[in-house]
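Remarks on the structure that follows.
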Amino acid sequence: MRRMTREDIEEEEEEFRRALDAIPPPIPPDGGWGWVIVCASFLMNMIVDGVCYSYGILMPSLIETFKTSTAMMSLGGAMLLGTYMMSGPVASALCNKIGSRKVAVFGCLISTVSILASHALERGSAFSIVFGLCGGVGFGFMFLASLLVVGFYFERNRGIAATLAMCGSSVGMAVMAPLTRWLIDRYEWTGCIIILSGIVMQGFVLGALLRPIDGDLRRRKKLILKRMEEDKRIGVQTCIILQRLIEQKRYDRTLSSGSLNNGIITRDNLVIREKDFHKHGIFSGLRSAFSRSSINISPGSGRPTPNLQTKRPHAPSALTDGTSCHSETVPMMQQQSPSPASLHRQVLLSQSGQIRKNNSARSLDTVANQCGPIGDVGREFSSAHDIPQYEVECEDQRSASTERLLRKFLHATPDVDRPMYRKDIYYTGSVQILPEFHDDINSYVASITEIPDTKSIADQDFWSRLPLLPKPMKDVLRNVFDADTFKSPTYILLVVSTSLTMVGYYIPFLLLPSYAVNGTGGHISEQSAAYLLTALGFSNTFGRLISGVLATRNWLDSVIINNLALLIAGAMTLVLPFCESYFLLVVFSFVFGLCVAAFSSLRSVIVVELMGLDKLTTCYSQLVIFHGISVLIGAPVAGYLLDKYNYFYPFYFAGGCMLLSGLLSMFLRKVAQVERRKSGHGGSQSSSENEMKMKSLGTPHEIVGLG
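Residue 1 is where the sequence shown starts when you use full-length UniProt numbering, and the numbers rise one by one after that.
Here is the structure:
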């Protein structure tokens with residue numbers, strides 16, 4: 001019995017890698033467990049943003065305890081929200097490597113420990129760092145993990161699912177503010193912090209619900225083994241054909257006095273005649289090996305198994321010594337192929353004496369070792385006899401090696417399962433209105449899934465010099481920190497305008513409760529002031545729902561909606577210091593919450609409209625970094641103005657920034673049109689790239705297995 005050599009083991013490992021790479025992209029179920037994901041994301045956002053936006057309720061007690069300034073303690077809230085945003089690129093890179101579930105649980109651990117530890121600190125600066133900086137990093141991991149997994153589970157219903165999940169942020173504002181006030185009144189701020197850490201700890205359970213879309217390892221094992229068996233069967237049939245070619249060639253040379261190389265090839269002296277092909281069972285063996293049903297989808301797998309077609313070439317093959325042999329065209333046979341990459345699965349004999357299969361070469365010696373020694377020249381060949389013989393020889397060794405490799409590769413994540421390789425992963429609107437969308441969801445998913453090619457990356461690239469950083473993380477960080485986006489005037493204007501919005505965005509959340517108590521004559525209680533954030537949160541929920549519906553309408557311009565919302569929010573913030581009655585403060589809370597909801601909900605939609613889907617990941621990731629920096633600037637400045645002057649100046653500062661942002665945003669469409677006109681291709685670039693991508697993968701029917 002022949003024992004497996006080192007080359008055999010390496011070849012089998014390569015088969016496993018090919019089988020893993022051949023797993024097609026997962027098709028979003030648009031339901032099922034996805035609705036559990038939406039509920040988990042809703043609750044996770046409720047906890048994260050509820051704690052962030054209720055910090056203004058906590059801040060007066062912290063100022064009194066630490067005997068510090070408003071500017072210093074407002075820095076704690078700014079760091080909480082700012083690092084929450086700025087940690088997005090790192091969180092997305094980790095999600096691409098280890099998955100959203102692990103990132104969410106890890107973020108929950110960081111936030112829980114940080115918030116719990118902050119209650120024992122005795123200095124305001126230390127509290128700001130531990131509670132704000134460390135807690136914000138954990139919150140960023142939790143938020144981004146929940147955002148990505150919703151985008152991975154939904155395509156057709158993406159707009160509805162993302163809107164519902166993001167509404168958790170608004171509900172968190174409404175619920176956590178009065179709860180925080182009640183906890184402070186009952187247990188003081190230290191007890192409130194401890195209980196808040198316990199609430200954040202519930203993220204462990206919610207994060208565990210973020211199951212990968214193809215998390216059933218038994219199903220993955222079945223897919224890998226199925227593709228390995230197909231490759232093995234094709235290899236056996238290749239050996240049979242090769243043996244027959246060599247035997248027939250020797251037989252013809254024995255009968256001929258001259259060289260076959262110099263002879264005239266006619267239909268009567270073909271190396272393999274059609275009747276011989278049928279006689280020896282080769283054709284029937286190939287038919288049984290390649291014949292499959294049109295499409296096969298494992299129950300609940302969400303992955304189509306394509307049925308592609310393979311053609312035998314009319315071109316002559318070359319034997320090891322350069323002798324040509326012409327073969328007739330074999331009728332088209334159905335082959336079950338694991339991916340578009342194996343569309344052209346052809347076996348050709350090259351002049352270098354190698355078998356080429358999917359552009360990977362296997363030497364004839366390796367094939368000969370697999371097939372066993374070639375029989376005598378005159379031996380009658382029987383495929384029914386030799387296939388079991390091959391399997392008996394290697395069955396024991398291959399089974400042991402297969403189990404070992406399964407343990408090694410079973411938990412490996414195929415690149416198509418990594419969320420950041422989807423171009424639309426950050427898109428929170430309806431994908432059905434995108435120009436790139438296809439009615440066939442399978443072809444659409446294939447067209448927007450793009451795995452970077454490491455070989456095309458220059459050696460001078462910064463990320464290539466970090467050997468310890470895994471490739472999935474390098475791919476994300478390389479994409480996020482792509483400076484080419486700043487060559488676009490439209491994008492620069494978008495960064496400036498949205499950053500100005502975020503400078504003033506957090507200030508009303510931070511100072512409104514204290515203004516209601518201290519800036520209106522003292523006739524509003526602390527508990528009533530907390531309910532102002534409740535009104536703001538509920539109106540923000542309503543605004544997110546409206547924005548989500550409007551974003552699905554082609555006849556509405558998301559940029560115009562965003563501009564109007566910013567102008568109204570800025571104007572309302574400017575007049576806030578003149579609102580001294582509780583009723584007017586409630587009106588402000590309702591209008592402000594409604595307007596800023598449009599800005600929060602339409603960010604990714606506006607990026608796609610202005611920059612295109614291909615730039616969404618890069619632009620959106622860079623935007624949230626600038627937004628985090630803006631929050632870190634805006635809140636401490638507002639606190640300083642309050643310490644030095646009064647409540648008028650912080651609100652003037654916030655309202656002026658938002659009003660200026662709305663005015664600048666009015667020029668976004670015009671600048672984008674001028675830029676497209678100068679570039680000369682308008683919006684055709686993304687479509688042409690998609691077309692080239694589809695050609696490289698095959699036709700849509702071939703991608704989904706309908707060919």
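Where a beta carbon is used, it is the ideal one built from N, C-alpha and C, also for glycine.
Among the options, nearest to residue i - alpha-carbon criterion
{"i": "ARG544", "options": "ALA78, THR68, ARG677 and THR163", "result": "THR163"}
{"i": "PRO650", "options": "LEU659, TYR640 and MET658", "result": "TYR640"}
{"i": "GLY132", "options": "ALA569, ALA177 and LEU81", "result": "LEU81"}
{"i": "GLN673", "options": "THR490, ASP557, LEU659 and ILE546", "result": "THR490"}
{"i": "LEU58", "options": "LYS670, ILE115, ALA571 and LEU574", "result": "ILE115"}
{"i": "residue 728", "options": "VAL51, TYR53, GLY76 and SER54", "result": "Outside the modelled stretch of the chain, which goes from 1 to 707, sits residue 728, for which no answer is possible."}
{"i": "CYS192", "options": "ASP417, VAL137 and ALA177", "result": "ALA177"}
{"i": "TYR426", "options": "ASP461, GLY612 and PRO452", "result": "GLY612"}
{"i": "ARG418", "options": "THR190, THR449, PRO435 and VAL591", "result": "THR449"}
{"i": "TYR656", "options": "ALA638, GLN527 and GLY168", "result": "Per the sequence shown, the amino acid found at residue 656 is Gly instead of Tyr. Of ALA638, GLN527 and GLY168, the residue nearest in Cα terms is ALA638."}
{"i": "ALA483", "options": "ALA446, TYR652 and LEU623", "result": "LEU623"}
{"i": "VAL105", "options": "PHE583, ALA165, LEU512 and VAL205", "result": "VAL205"}
{"i": "LEU659", "options": "GLY207, VAL575, ALA446 and THR485", "result": "VAL575"}
{"i": "THR70", "options": "SER679, TYR645 and SER661", "result": "TYR645"}
{"i": "GLY662", "options": "ALA571, PRO470, ILE195 and ASP424", "result": "ALA571"}
{"i": "TYR582", "options": "ALA535, ARG553 and THR552", "result": "ALA535"}
{"i": "GLY159", "options": "GLU526, GLY107, GLN432 and LEU664", "result": "GLN432"}
{"i": "GLY151", "options": "PHE127, TRP35 and ASP475", "result": "TRP35"}
{"i": "ILE129", "options": "ILE98, VAL476 and SER74", "result": "SER74"}
{"i": "MET79", "options": "SER100, ARG101 and VAL51", "result": "VAL51"}
7 Å Cβ shell around residue i - same chain, five flanking residues per side excluded
{"i": "ILE47", "result": "GLY172, ILE199, VAL200, GLN202 and GLY203"}
{"i": "VAL103", "result": "ALA91, LEU94, CYS95, PHE141 and ALA145"}
{"i": "GLU609", "result": "SER558 and VAL559"}
{"i": "residue 753", "result": "The displayed coordinates of the chain run from 1 to 707. Any statement about residue 753 would go beyond what the structure contains."}
Simplified DSSP state of residue i, which is helix, strand or coil
{"i": "LYS67", "result": "coil"}
{"i": "THR449", "result": "strand"}
{"i": "ARG553", "result": "coil"}
{"i": "LEU566", "result": "helix"}
{"i": "ARG422", "result": "strand"}
{"i": "GLY620", "result": "Note that residue 620 is Tyr in the sequence shown, not Gly. Of the three classes helix, strand and coil, the one that applies to TYR620 here is helix, per DSSP."}
{"i": "LEU697", "result": "Interpretation of LEU697 is limited by its pLDDT of 38, a score under 50 that renders its predicted location unreliable; no figure is taken from the coordinates."}
{"i": "ASP439", "result": "coil"}
{"i": "CYS595", "result": "helix"}
{"i": "HIS523", "result": "coil"}
{"i": "LEU602", "result": "coil"}
{"i": "TYR427", "result": "coil"}
{"i": "PRO513", "result": "helix"}
{"i": "GLY537", "result": "helix"}
{"i": "SER547", "result": "helix"}
{"i": "CYS192", "result": "helix"}
{"i": "ARG211", "result": "coil"}
{"i": "THR413", "result": "coil"}
{"i": "ASP321", "result": "Here the model assigns ASP321 a pLDDT of 42, short of 50, so the residue's position is not dependable, and the following value carries that caveat. ASP321 falls in the coil class under three-state DSSP."}
{"i": "GLN432", "result": "helix"}
{"i": "SER294", "result": "Because SER294 sits at a pLDDT of 37, beneath the cut-off of 50, its placement in the model cannot be relied upon, and the following sentence gives the value as read from the coordinates. Coil."}
{"i": "ASP30", "result": "coil"}
{"i": "CYS579", "result": "coil"}
{"i": "GLY612", "result": "coil"}
{"i": "GLY99", "result": "coil"}
{"i": "PRO25", "result": "coil"}
Sequence-distant residues of the same chain with beta carbon closer than 6 Å to residue i, five excluded per side
{"i": "SER146", "result": "SER41 and MET44"}
{"i": "THR428", "result": "ALA162 and SER604"}
{"i": "ARG478", "result": "TRP463"}
{"i": "MET86", "result": "ILE625 and GLY628"}
{"i": "SER665", "result": "SER497 and ASN563"}
{"i": "VAL476", "result": "SER92, ALA93, ASN96 and MET420"}
{"i": "GLY107", "result": "GLY138, PHE141 and MET142"}
Nonlocal neighbours in the same chain, by C-beta distance under 8 Å from residue i, ignoring five residues either side
{"i": "GLU675", "result": "SER488, PRO489 and THR490"}
{"i": "ARG123", "result": "PHE66"}
At least three beta-carbon pairs within less than 8 Å, the stretch 613-626 to the stretch 546-564: Look at the beta carbons and you see the stretch 613-626 not touching the stretch 546-564: under three pairs across the two are nearer than 8 Å.
Minimum length 4: unbroken alpha helix (DSSP H) runs contained in the stretch 104-168: Unbroken alpha helix (DSSP H) stretches of 4 residues or longer found wholly inside the stretch 104-168: 124-127 and 135-153, given in chain order.
Whole alpha helix (DSSP H) elements within the stretch 460-491, 4-residue minimum: Listed in chain order, they are 471-480.
Those runs of the beta strand (DSSP E) which lie wholly inside the stretch 34-93 and span at least 3 residues: Here no run is fully enclosed.
Touching by the beta-carbon criterion (3+ pairs, under 8 Å), the stretch 621-637 and the stretch 495-510: Output reads yes: the stretch 495-510 touches the stretch 621-637.
contact_flag[the stretch 586-596, the stretch 542-557] where n(CB pairs < 8 Å) is 3 or more: Result yes; three or more Cβ-Cβ pairs closer than 8 Å.
Any alpha helix (DSSP H) of 4 or more consecutive residues that is wholly inside the stretch 634-682: Whole alpha helix (DSSP H) segments, 4+ residues: 648-665 and 668-679.
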